[in-house]
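Going by the working numbering, the sequence shown runs without a break in its numbering and finishes at 95. What follows is one structure encoded as C-alpha cells, with my remarks underneath.
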Amino acid sequence: MSELFNQSINNVIQHIKAYKNNSTCEKNSHVETTFEQVASNDSVILPNKNTESYFSVTGSDGKTYNVKHYNQDIILQVGYKCNIGVANRFKEWVD
C-alpha cells in the first residue's frame, strides 16, 4: 500500500491502526489465518470479511512465507486518507 499511495510504511501503518481502532470495525475480525492448500503447494485464502488475511507464498529462496494481504475496504480507507486520486483510480480498476 505504501508504494500504491506513495506514502511511508509508517504512515500506512498509522492509518491501518486508526481504521482497526474505529468503533465501527469489529475487534475480533482483523486477521484470518485459515489456509486452503492447492496442488501447487501454495496456499490461498478462503473468502472472508476480515480486513486482512495471510497468504502463504514461496520465495525465490525456496522458503515459504506468510504474507499479509488487506481487503479492498481497508485499502480504500487508507487510500482516501493518503492519496484520494490514486484511491479513486484503484476503486475504478477493481470495479
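Idealized CB from N, CA, C, for every residue including glycine.
- With 16 or more other Cβ atoms inside 10 Å of its own Cβ, Thr51 counts as buried.
- For secondary structure counted as the alpha helix (DSSP H) over 4 or more consecutive residues, the region 58-83 holds these complete runs in sequence order: 72-82.
- Apart from sequence neighbours up to five positions away, the residues of its chain that approach Ile74 with a beta-carbon distance below 8 Å are Ile16, Tyr19, Thr51 and Glu52, ordered along the chain.
- Taken through DSSP and simplified to helix, strand or coil, Phe90 comes out as helix.
- For Gln14, the enclosing alpha helix (DSSP H) covers residues Ile9 to Asn21.
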